[in-house]
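S.K.: This is the structure, below, for whatever I ask next.
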Amino acid sequence: MSALPTRLRRSGRDRTLVTPEGIALPVAVAGRGARFGALVLDLLIILVLMLGSTIALLSIAGGAVSAGQAMRSGSAAGHALQFLLIVWIVIMFLFRNAYFLFFELGPRGATPGKRLMGIRIAARDGGRLTADMVIARNLLRDIELFLPIVFLMSGGADSGWAWLAATGWFLIFMLFPLFNRDGLRTGDVIAGSWVLERPRQKLEAAMSVARPPRNGPMARGDEDMLPAPRRTYQFEDTELAVYGEFELQTLERVLREDRAASIETVYQTIAGKIGRNDGWNDEKAFLEDYYTQLRARLESAMRMGRRKADKFSE
Amino acid sequence: MNAAVATPSAIETAALRSDRFRLEREADWKRLETIVTRMEKGRLRGISDEDLLALPGLYRTVASSLSIARETSLDAATLGYLEALVQRAWFVVYGPRSSLSEWLRGFLGGGWSAAVRAIWLDIVIALAVMVAGTIVGWLLVSHDPEWYFALVGKGMAGDRVPGASAKVLHDSLFAPEQKDGLSIFAAQLFSNNAQVSILAFALGFAFGVPSLLLLVHNLAVLGAMAWVYHQVGLTVDFAGWIAVHGTTELFAILLAGAAGLHIGRAIAFPGNRPILQATAEAGRRAALVMTGVVLMLVVAALLEGFARQLVNETFGRFAIGGFMLLLWSTYFFAFRGHTGPRWAKRRDARA
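Line by line, the protein sequences are chains A and B. When you line the first sequence up against our numbering, it's residues 1 to 314, in that order. When you line the second sequence up against our numbering, it's residues 1001 to 1351, in that order.
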């Protein structure tokens, strides 16, 4: 499918994804900044969870020092404390490995950090996001993220060369997303997933139907209870033939934004081009009628298989 | 305004055919949007069964609306809205559907063993590498015992050094250790081993070479220690000591290394497929194997922490180890199970 002429492209992060129904959807790959922000948020959450559970378990155990003595005593209390320690080890393991799994396997396909940044994961081929993919992409996180962190915390290797080699190795993984078009982590490459922006768009009223009354509610007018009948404009076929889809969309945007200055400018341009000046002081109505009729003309041509991309094309 | 829009008169009076098209279908779009918004917010309970059942149908309706609108309408707002809505619904409809427990059932009941069988070639290679690593460790230390410390490390070796007396070594195998800390010991062993095997898998990314090096190193340690015990005639006892948990743990490490190698091979030799696709296919298969490896390591840690310390004679240890080996081999290579979701789909496609 060719690049859609119906939409204005927004940025270099736009991609086309084909769903299993064969519908090409425009999607936007998540920005690297958003992903980094999401990661930082998630790590903070994990850290808080780890600290919280450690403190909670410690308070149950009743202080680290006395716990250490009781544990070696072999009494019943000692066994209970051992159990708590096992719980702690398991919880730490789960936080490190299962946090991302748990949230990305949910219906939202995003960790809390990702959700706050408005991004989520999806399958790169347009098919179903499977549990296997989520697991694969998160297993790789270990070498991309946790290993370097542990490595740096433990002070690095002994010799300078080993340190250099190790740092280089980790940088390859950490910087991997910067060197491909879609911002894929190595985990994404392995799993066949990618991270997309979550779209959110309200359905706006069609410009060509259900217009709100233009002069506001009829509260102050007393002599004309009904709003003055709106003047309509009719345009000749030749007057409509000068513009194409691109201009139509620009006109739609201007009308939706509804700024007096830009409406004035656009009116001047169009009126000048088609040689009419009867819309003076009624520019918006003039443009709305022009929009509706231009759209009707372009759409009926479209049904016949003739599309006019912009004013330059035939 | 919505009420006005829904009336038939509004549809009739709409000037443009594309607007009539839109007004006729808008109710469906809105309904889908409501459902999808609820699901995005995680309020699954607020959705009626009726809505949930209607979701796939609505998704297809709206998707076909989008296809038609693209060919007939020039209303950019409608197109933009439909594109966003279809994408959001696509996220929901093609999101991870199986819950964790459902997935686990499919995984244990055939998915895991099928994935293991699918990487059989890598398992054979990894096994060869592990055997070679053991032999290398043995030979290195037998030529020059100094190698032992390079391989094993002083901290880990403890009393078990070349030239140690038979008594010391025998004690290290059979000494009744303090049984108090056993459970903690097991939990730590698991956490550590799981991290190592995840590493062996993840390093497969570099064409599988680091995975193999990791296997060689770990098994060379084993070979070196075996030589030390062989010097004092405790080979069989040492083998029993290893076998209790080793048949499970070494099997798990073998699978982890093979999974890493599987990915490495897909990157190096993608065949006719695009490299990203080949990598993704291999990665998903390997991830299944790896999840199982973590489970095996739980079992291994329990065996190492409890069974090895509690069963204090070589025959019993061999019995446990041999039983586990038989169990795993049967499960992986003989058990076909009822098949997991993906295999079920393939079977349906064939039927």
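Ideal placement from N, C-alpha and C gives every residue a C-beta, glycine not left out. None of the values given here were measured: they were computed from a predicted structure.
Residue 1241 of chain B lies in the alpha helix (DSSP H); which residues open and close that run?
M.R.: 1235 to 1268 is the extent of the alpha helix (DSSP H) around residue 1241 of chain B.
S.K.: So, residue 14 of chain A versus residue 28 of chain A, is the Cβ gap smaller than 7 Å?
M.R.: Against a cut-off of 7 Å, the Cβ pair of residue 28 of chain A and residue 14 of chain A comes out as a contact.
S.K.: Apart from the five residues just before and just after residue 1249 of chain B, which ones in its own chain have a Cβ nearer than 6 Å to its Cβ?
M.R.: 1300.
S.K.: With 7 Å set as the bound, which would you pick, yes or no: does the beta-carbon of residue 240 of chain A sit closer than that to a beta-carbon of chain B?
M.R.: Closer than 7 Å: no.
S.K.: Can you pull the chain A residues whose beta carbon is under 9 Å from the beta carbon of residue 1284 of chain B, in chain order?
M.R.: Residues of chain A passing the Cβ test: 130, 132, 133, 135, 136, 190, 191 and 192.
S.K.: Is the beta carbon of residue 246 of chain A sitting closer than 7 Å to the one on residue 310 of chain A?
M.R.: Their beta carbons are under 7 Å apart, which means residue 246 of chain A touches residue 310 of chain A by this criterion.
S.K.: Hey, how far is the Cα of residue 1222 of chain B from the Cα of residue 1194 of chain B?
M.R.: Between residue 1222 of chain B and residue 1194 of chain B, the C-alpha separation is close to 18 Å.
S.K.: If we ignore side chains and look at the alpha-carbon of each, how far apart do residue 20 of chain A and residue 1067 of chain B end up?
M.R.: Using only the alpha carbons, I get a separation of about 14 Å.
S.K.: Just the Cα atoms here: how many angstroms apart are residue 105 of chain A and residue 134 of chain A?
M.R.: Answer to the nearest angstrom: the Cα atoms are 7 Å apart.
S.K.: Rounded to whole angstroms, what is the Cα-Cα separation between residue 1304 of chain B and residue 1240 of chain B?
M.R.: When rounded, the distance between both Cα atoms is 12 Å.
S.K.: Taking Cβ positions only, does residue 1096 of chain B come closer than 7 Å to chain A?
M.R.: By this cut-off, residue 1096 of chain B is an interface position.
S.K.: For residue 1173 of chain B, which residues from the same chain have a beta carbon less than 6 Å from its beta carbon, with the 5 sequence-adjacent residues on both sides left out?
M.R.: Once the five neighbours on either side are set aside, the close Cβ partners of residue 1173 of chain B are 1237 and 1241.
S.K.: Could you tell me which chain B residues have their CB closer than 7 Å to the CB of residue 270 of chain A, listed as they occur along the chain?
M.R.: Residues of chain B passing the Cβ test: none, with the nearest at roughly 17 Å.
S.K.: Mind checking if residue 21 of chain A is an interface residue toward chain B, Cβ cutoff 7 Å exclusive?
M.R.: Yes, residue 21 of chain A counts as interfacial toward chain B.
S.K.: Taking just the CA atoms, how far does residue 107 of chain A sit from residue 129 of chain A?
M.R.: One C-alpha to the other measures close to 10 Å.
S.K.: Here's a check: name, in chain order, each residue in its chain whose Cβ is nearer than 8 Å to the Cβ of residue 282 of chain A, leaving out the five neighbours to either side.
M.R.: Cβ within range, chain order: 231.
S.K.: Rounded to whole angstroms, what's the CA-CA distance from residue 1038 of chain B to residue 110 of chain A? Just pull it up for me.
M.R.: Rounded to whole angstroms, residue 1038 of chain B to residue 110 of chain A spans 15 Å at the Cα level.
S.K.: Considering only C-alpha positions, which residue in the set A:99, A:290 and A:294 is nearest to residue 47 of chain A?
M.R.: That would be A:99, whose Cα lies nearest to the Cα of residue 47 of chain A.
S.K.: What separation, rounded to the nearest whole angstrom, lies between the Cα atoms of residue 1290 of chain B and residue 1033 of chain B?
M.R.: Computed Cα separation, rounded: 38 Å.
S.K.: Would you kindly check if the distance between the Cβ of residue 92 of chain A and the Cβ of residue 37 of chain A is under 7 Å?
M.R.: In this structure, residue 92 of chain A does not lie closer than 7 Å to residue 37 of chain A by Cβ.
S.K.: I'd like the list of long-range same chain contacts for residue 1059 of chain B, defined as Cβ closer than 6 Å, with 5 residues on each side in sequence excluded.
M.R.: So the list reads 1089 and 1093, once near-sequence residues are dropped.
S.K.: Evaluate residue 298 of chain A with the Cβ neighbour count: other Cβ atoms within 10 Å of its Cβ, from every protein chain shown; 16 or more gives buried, anything less gives exposed.
M.R.: Buried, by the Cβ-count rule.
S.K.: Is DSSP giving residue 25 of chain A helix, strand or coil here?
M.R.: Of the three classes helix, strand and coil, the one that applies to residue 25 of chain A here is strand, per DSSP.
S.K.: Is it the case that the Cβ atoms of residue 195 of chain A and residue 35 of chain A are separated by a distance below 7 Å?
M.R.: Yes.
S.K.: Taking three-plus beta-carbon pairs below 8 Å as touching, is the stretch 1100 to 1120 of chain B in contact with the stretch 1078 to 1085 of chain B?
M.R.: Verdict: no, contact absent.
S.K.: Write down the C-beta distance between residue 1136 of chain B and residue 1215 of chain B rounded to the nearest angstrom, noting that I regard them as a contact closer than 8 Å.
M.R.: Residue 1136 of chain B to residue 1215 of chain B, Cβ: 11 Å. No contact.
S.K.: What first and last residue would you give for the beta strand (DSSP E) that runs through residue 120 of chain A?
M.R.: 119 to 123 is the extent of the beta strand (DSSP E) around residue 120 of chain A.
S.K.: List the endpoints of the continuous beta strand (DSSP E) containing residue 1134 of chain B.
M.R.: Segment 1120 to 1143 is the alpha helix (DSSP H) holding residue 1134 of chain B; no beta strand (DSSP E) there.
S.K.: Using a C-beta to C-beta distance shorter than 7 Å, which residues of chain B count as neighbours of residue 127 of chain A?
M.R.: Neighbours of residue 127 of chain A on chain B, chain order: 1094.
S.K.: So what does DSSP say about residue 1221 of chain B, is it helix, strand or coil?
M.R.: In the structure shown, residue 1221 of chain B sits in a helix (DSSP, three-state: H, G or I).
S.K.: Would you list the residues sitting across from residue 1171 of chain B in a DSSP beta bridge?
M.R.: Paired residue(s): none; residue 1171 of chain B is not in a bridge.
S.K.: Can you give the Cα-Cα distance for residue 276 of chain A and residue 1021 of chain B, rounded to whole angstroms?
M.R.: If I take the Cα positions, the gap works out to 32 Å.
S.K.: Applying a beta-carbon distance threshold of less than 7 Å, which residues of chain A neighbour residue 1072 of chain B?
M.R.: Chain A residues near residue 1072 of chain B: 299, 302 and 303.
S.K.: Anyone know if the C-beta pair for residue 1166 of chain B and residue 1232 of chain B falls short of 7 Å?
M.R.: In contact: residue 1166 of chain B and residue 1232 of chain B (Cβ atoms closer than 7 Å).
S.K.: Can you tell me whether residue 237 of chain A is buried or exposed, with buried defined as 16 or more other CB within 10 angstroms of its CB?
M.R.: That one is exposed.
S.K.: Give the range of the alpha helix (DSSP H) segment to which residue 280 of chain A is assigned.
M.R.: Here residue 280 of chain A belongs to no alpha helix (DSSP H), and DSSP marks it neither H nor E.
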